[in-house]
Amino acid sequence: MIEIFKNTNYDFLGKAKYFIIFSIVTSILGIGSMVLRGFNLGVDFAGGTKLAVRFKTAPDEGRIRAALQKAGYERDKVSIQRTGKQLNQADRNEVFINTPIEQGEVDRDKKKITEALAKDYPATPPPADKLDVNLSGIDAITGRLLDKDELKLKVTLPPGDAEKEYRRFAENVVRFRDSSGGIIADLNAVPLNGFNNQIGETFKKEFFAGEFNVVSAEVVGPQVGKDLRNRAIYVTLVACVGMLIFIAFRFEWIYGFAAVVATIHDVIVTLGLFSLFQWEISLTFIAAMLTLIGYSMNDTIVIFDRIREQLKVRRKDNLVKVTNDAINQTLSRTIIASGLTLLSVIALVLFGGDVLKSFSLALLIGILIGTYSSIAIASPIMIWWKNRTERILREREEAAKAARATSKAKKNSGSSDTKDTKSDKKDAKSVMA
Amino acid sequence: MRKNLLQRAIAILVVTLGCLYVTLIGWRAPVAADFKSFGKIKENVATNIKLGLDLKGGSHLVLQVMVDEALKKIADDNAERAKAVLAGAGIPMKEAKGLTPTTLVVTLTDATRIKEASDKLLADFGKSEWTAKINNADIVFTMNENVAREYRKRAVDQAMNIIENRINAFGVAEPTIQTYGAENSYQILLQLPGVDDPERVKRTLVLESNLELRPVDGPYRPYATLDEAKAAAAGRADVEPLPLDERDEDATDANGKPPAATPATAYLLITKAPVIVGRDLRDAFAAQGNAGTEGDYRIVFKLKDDGAKKFGDWTSKNIGKGLAIVLNGRVKSAPTIRGEIRDTGEITGNFSKQSSEDLALVLRSGALPARVVYLEERTVGPSLGADSIRQGVAASVAGIIFIMIFMLFYYRISGLNAIVSLVLNLVMLIAALAMFSATLTLPGIAGVILTIGMAVDSNVLIFERIRDELRVGKAVVSAVELGFDKAFITIIDTHVTTIVSSIILFIFGTGPIRGFAITLIVGLLANLFTATFVSKTMFGYALSRSERPTSLSI
C-alpha cells in the first residue's frame, strides 16, 4: 500500500482564524479590484467585434495597426493580440483583433477591418482583376469561374451542369483551405486530382493567394452582452439556492449555508484574480465558473459527509475535534482527487489553445481555491454557527437558572453559584452539537 | 457480493455493447458497409455525435424583430380607415394619425358628434382590441396590452417563418431557427452549420420585400424634385410622390451602406391604393434579358388566381395608363399598360445575376412583417473549429492518461477497476449524447472534464474507504463491502447536489450553460453506474477467485 498521508493529524481548525483572515483579506482585495479596476470583458459580454485572423507568414503587429489606422481606427481603440504557439501544433500565425462596440450596423467593423487589411497589409497592392482565394467562399469562387467559363462548359454541358462542375472545384479548394489551417499559401498547392487541368489554369489566372484569412468572427451588440451576463448571474444564483436546499435537506441548513458561502468565496477570489490581472473574461469563463462551483461543492460535501458519519459514532467528542478528524481522514482523498483533476486541467492549460485559455485558467485557480475553501472556510463557518447557537442556548438556560437562583436567593438572602457558571462557560466553548 | 456476479457482468456487457452500438451505428439497423474501413467507422461516429458550431464551424446569428414597427403599421392603417369611416358617416374631421405603435388619435372639427364617431370607429377597429378615450375633440385609441402582445408574438412567428423559407431556399444543411432570449426580447437565433462566409445569406434574410403594383396618377410625368411633386399633388390624400429608382437595390458604397447620398433622379405621383400586393404573388424567378450583359437581369413574377383576376380586370379597364412597380417604397419602373395582362409581370431595373436571384427569392418567401436587424454574429471557420477539437481532445486524453498512470501506480491492480469504470463512463457519456442528439460544444467539453474529475473522485473515495477498513483489521471481503457502502452515501450526496444544480442550469440557462449542464447530468448519471455498480462487480470478481481471500491489491 503506497500512502501519501499516513494517519495525519494536522490541527486545521486551530488555524481557522488565520485562514478566515486570509480569505477575508483576499476577498476584500478581490472586490476592491473588481470595483476599481473592473474586468477585462471579452466581446461576449462587452459587445464589439473580435476577429481571429490567420496569416501566411508571421504577422507584423505594427503593420496591422498601421493598416487599421489608415482605415480610421484610433490607436487605442483597437487591440491586437498575437496568439501563442501551442505545444502540440504548428504556429498558426494568428492574431486576435478586437474593437469596441460601435453605433450603427452590428457587423460594420468586420467588413471594414477585412477591407483595410486586404488593401494595406501586403506591401504590394493586390492584383486588381483577381480575387483573393483566402477571402472567398464557395459561392464567390464558383461565381467567378462560371462568369469566365474558360472551359466553355456552359456551351458543351447541359444547362446547370457547368455550375455544378465549377462548384465541385470550389468545394475542393475550400476543403483544401480548411485542412491547411484556414489559409492557402500558394495556389499551386491546391490538389487538382479529378479535375480538368484547364480549371486549374483558370483558377490560377483568376485568383491569387492573399496574405490572410479571417477564420472566426464574433460580433456582439451591446444589449446581447448585458442580457447574457445578467442571465448567467441569475441562473448561477438560482442553482446555488437549489444546492443549499438540497444540502439542508440531507444535512442541516447550516451545512448548506456554509457550503454556499465557501463556494461564493471561491467565485469572488477567482473573479478578483481575473480582475487584478485583467485576464479576459469570455463566454467559456461562465462554464469554468459553473465547473468550479460544482467542484467546490463536491469537496465540501465529502468532508461534511464524514463529519456527519463521525458524529453518529462519537457522540461524546466535541464538534471541533470530530471535524478536525474528519478533515484529516479525508485529507488523502482530497489531495489525490484534487491533484488528479488539477493535472488534467494543467493539461488543458498546456494543450487547450487560446480559445480555452480563460476557461482553463479559471479552472486551475478554481480547483485550488475550492479545495482550500472546503477545509478552511466551510467547516469553520459551520462550527462557529453551531457553537454560537449552543452558547446562546446555554446562556438562556443560565439566565433562567440565574433568575431562579436570584429569586431563590431573595428568599434565602445570599447565594454562591458563581463557580458553576464559570465552568459552564468553559464547556460551552468546546461543546459538541 | 459474490452472488449475482454473472447477472451483473451480463448487465454491464449489455450496457457497454448498447452504448458502443449507438455510438458507432446509431438508431438504425447495421449494414455490412458500416465496418468496411476505419474511415467509414469514423464517418459514422461523426454523424452520430453532433458537434456545435464552435467545434464544427458555421454561423450563429441573433436577429431582433422590430415588432413595434408591425404595430405602428396597424395603427397607421387604422388611422387611414378612420378617415374613410368618418367620411362615410358624414362626420367632419381634422386629422387622424398614429401616435405611438399602440395608439392613434383622431381629431374632429367639432365635438358635437364625438360619441357617435368614437363608437363607429371602435366598432370598425374591433371592440375587443382597442379602447377609446375622448378628450375634447380628440379621440385617442389605445390597443389593449394583451392584444399588442399577441401581435408582437405573431410578428416574430411570421418573421421566423419567412426567414426559414429564405434559408431553405439557400440550401443550408440542417439550419436551426428558434426564438432566443427572454420572453419579450423578440429575438431569433439562427444557426447555420458549415456557413463560414455568411454575408450573402445575411443580407438576403433581412431584405425587405414590399412589392406593390400601384397606378400612376394621371399621365406619366416625372418631377425633378420632391417639392415639385408635392406641389403637383396639391394636398390630395390618395396620392403620394415616390422616387423613381432604377438602380440595383443592393448596391452599396465603400462603407457597406446603401448609396442614399445620391438622390433619386425623378419623382412620380403614385396612387396610394395598390392593385396588387406581395401576398398575391404565386412565384417569382430571375431571368436574363436579351442583351446578355451583367446588369441585364429581371425578375419575372406570376400571380395567384385571385390576384390574376384583379390584375386582369384592372389592366383591361386602364389601357394606356401607367402602372408603377413599387418595391420598398421606390418605383422600380412604371410601364404603360398596352393590353390586358392576367397573371405574369416583370420587374426590370439594373439588376445583376445575384441581386435578381436574391430578390426573386425574397419575393417568393413573402414580406417580413417588420424590419429585422442583426444583434450578434459569430462565425467560426471549420479550420478553427477543428483546431479547438484537436486541442480539447489532446488535453482530455493527456489528462486521462496522467490519471490512469497515477491510479495504477497508487492503487495497483485496483487502479485497473478505476480505469475501466472511467473509460466506460466516457463511452456511456458519448453514447448518451448520440442517443439524445445532444450537441457537443466547448462548454460541453468543460462538462466532460468535471465529469472526469468527479469520476476519479468517486473511485478515490471508495478505495480510501476500503483502505481505512483494511487498516482497522477488517477481513478483505467485508472491508470491500463496507468501503463501498460508506462511500456510496457520499457519492450519492455529491452527485445529486451537482445534478440538482445542473438541472436548474439546464432549465433556466441559455446556449452555452445548457450545453454544459446536459453533458454534466448525463456524465454524472453514468458515473453513478460505473463507480458503484461496475467497480463493485469487478472487485467481486477478483475476490471470488479464492474461497477465502486474504489480500487485496489496493
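The listed protein sequences correspond, in order, to chains A and B. In this text, residue positions in the first sequence follow the numbering used here: the first is 8, and each later residue adds one. In this text, residue positions in the second sequence follow the numbering used here: the first is 85, and each later residue adds one. Positions of the beta carbon are idealized from the N, C-alpha and C atoms, including for glycine.
Where does residue i fall in DSSP's three states?
i: B/Tyr351; result: strand
i: B/Gly599; result: helix
i: B/Ala706; result: Within the shown structure, residues of chain B are numbered from 85 to 638, placing residue 706 of chain B beyond reach of any answer.
i: B/Pro325; result: strand
i: A/Leu199; result: coil
i: A/Ile9; result: coil
i: B/Gly406; result: strand
i: B/Ala357; result: coil
i: A/Gly207; result: helix
i: A/Phe103; result: strand
i: B/Asn182; result: It should be noted that the sequence gives Gly, not Asn, for residue 182 of chain B. Here B/Gly182 sits in strand by DSSP.
i: B/Thr226; result: strand
i: B/Leu145; result: strand
i: B/Arg422; result: coil
i: B/Thr621; result: helix
i: B/Arg305; result: coil
i: B/Leu643; result: An answer regarding residue 643 of chain B cannot be provided, because it is not within the stretch 85 to 638 covered by chain B.
Could you give the first and the last residue of the continuous alpha helix (DSSP H) run that contains residue i?
i: B/Val504; result: 466–519
i: A/Ser303; result: 290–320
i: A/Lys118; result: 115–127
i: B/Leu297; result: Careful: B/Leu297 lies outside any alpha helix (DSSP H), inside the beta strand (DSSP E) at 295–299.
i: A/Phe183; result: 168–186
Over the uninterrupted beta strand (DSSP E) stretch that includes residue i, give me the two end residues.
i: A/Ser223; result: 219–227
i: B/Trp49; result: Nothing can be reported for residue 49 of chain B, as the shown portion of chain B is limited to 85 through 638.
i: B/Thr196; result: Segment: none, B/Thr196 is in no beta strand (DSSP E) and carries neither H nor E.
i: B/Pro277; result: 271–277
i: B/Tyr381; result: 381–387
i: B/Glu430; result: 428–435
i: A/Arg82; result: Careful: A/Arg82 lies outside any beta strand (DSSP E) and carries neither H nor E.
i: A/Val443; result: As displayed, chain A neither begins before 8 nor continues past 440, which places residue 443 of chain A out of reach and without an answer.
i: A/Ile87; result: 86–89
i: B/Ser417; result: 414–417
Kindly indicate which residue of the options has the alpha-carbon position closest to the one of residue i.
i: B/Val560; options: B/Ile529, B/Asn230, B/Arg632; result: B/Arg632
i: B/Phe385; options: B/Ile360, B/Lys405, B/Ser143, B/Leu276; result: B/Ile360
i: A/Tyr379; options: A/Ile310, A/Gln205, A/Lys323; result: A/Ile310
i: B/Ile109; options: B/Lys211, B/Ile133, B/Ile94; result: B/Ile133
i: B/Thr107; options: B/Leu90, B/Ala117, B/Ala95, B/Ala130; result: B/Ala130
i: B/Ile198; options: B/Lys178, B/Ala257, B/Ala615, B/Glu461; result: B/Lys178
i: A/Gly201; options: A/Phe253, A/Tyr128, A/Phe176; result: A/Phe176
i: B/Leu205; options: B/Ser521, B/Ala173, B/Leu291, B/Ala357; result: B/Ala173
i: B/Thr621; options: B/Ser498, B/Thr582, B/Tyr458; result: B/Ser498
i: B/Arg287; options: B/Ile247, B/Thr581, B/Tyr235, B/Gly265; result: B/Ile247
i: B/Leu365; options: B/Tyr235, B/Thr191, B/Ile383, B/Gly476; result: B/Ile383
Less than 6 Å separating the Cβ of residue i from some heavy atom of the ligand ATP?
i: B/Thr215; result: With respect to the ligand ATP, the structure shown offers nothing to examine, as it has no ligands at all.
Scan the region 203–237 of chain A for residues whose Cβ lies nearer than 7 Å to a Cβ of chain B and list them as they occur along the chain. Val222, Ser223, Ala224, Glu225, Val226, Val227, Gly228, Gln230, Val231, Asp234
Three Cβ pairs or more, each shorter than 8 Å: is that satisfied between the region 284–303 of chain B and the region 439–454 of chain B? yes
Give a yes or no on contact between the region 408–416 of chain B and the region 430–446 of chain B, applying the rule of three or more CB pairs nearer than 8 Å. yes
Along the region 55–73 of chain A, where does the CB come closer than 7 Å to a CB of chain B? Name the residues. Ala59
Taking any Cβ of chain A, which residues in the region 467–490 of chain B have a Cβ under 8 Å from it, in chain order? Ser467, Leu468, Ala470, Asp471, Ser472, Arg474, Gln475, Gly476, Ala478, Ala479, Ser480, Ala482, Gly483, Ile484, Phe486, Ile487, Phe490
Within 7 Å of chain A by C-beta, residues of the region 576–589 of chain B in sequence order: Asp577, Thr578, Val580, Thr581, Thr582, Val584, Ser585, Ile588, Leu589
Report yes or no: do the region 524–542 of chain B and the region 589–604 of chain B share at least 3 C-beta pairs separated by less than 8 Å? yes
Evaluate contact between the region 181–201 of chain A and the region 140–150 of chain A, counting only Cβ atoms and requiring at least three cross-stretch pairs below 8 Å. yes
Could you name the residues of the region 255–279 of chain B whose beta carbon sits closer than 9 Å to any beta carbon of chain A, in the order they occur along the chain? Gly265, Ala266, Ser269, Gln271, Val279
Positions along the region 161–179 of chain A whose CB lies within less than 9 Å of some CB in chain B: none
Three or more beta-carbon pairs under 8 Å between the region 220–234 of chain A and the region 47–56 of chain A, yes or no? yes
Would you list, in chain order, the members of the region 283–296 of chain A that have their beta-carbon closer than 7 Å to a beta-carbon of chain B? Leu290, Thr291, Ile293, Ala294, Ala295
Contact set between the region 441–465 of chain B and chain A, restricted to residues whose Cβ is under 8 Å from the partner: Val457, Tyr458, Leu459, Glu460, Glu461, Arg462, Thr463, Val464, Gly465
Can you find at least 3 beta carbon pairs, one from the region 59–72 of chain A and one from the region 188–198 of chain A, that sit closer than 8 Å? yes
Give, in chain order, every residue of the region 515–542 of chain B whose Cβ lies closer than 7 Å to some Cβ of chain A. Leu526, Pro527, Ala530, Ile533, Leu534, Ile536, Gly537, Met538, Val540, Asp541
Evaluate the contact criterion for the region 275–288 of chain A versus the region 363–370 of chain A: three or more CB pairs, one atom per stretch, below 8 Å. yes
If contact means a Cβ-Cβ distance below 7 Å, which residues of the region 126–149 of chain B contact chain A? Val146
Examine the Cβ distances between the region 542–555 of chain B and the region 269–284 of chain A and report whether three or more of them are shorter than 8 Å. no
Residues in the region 291–304 of chain B having any Cβ partner in chain A nearer than 9 Å: none
Indicate whether the contact test is met: 3 or more Cβ pairs, each with one atom in the region 353–362 of chain A and one in the region 477–484 of chain B, closer than 8 Å. yes
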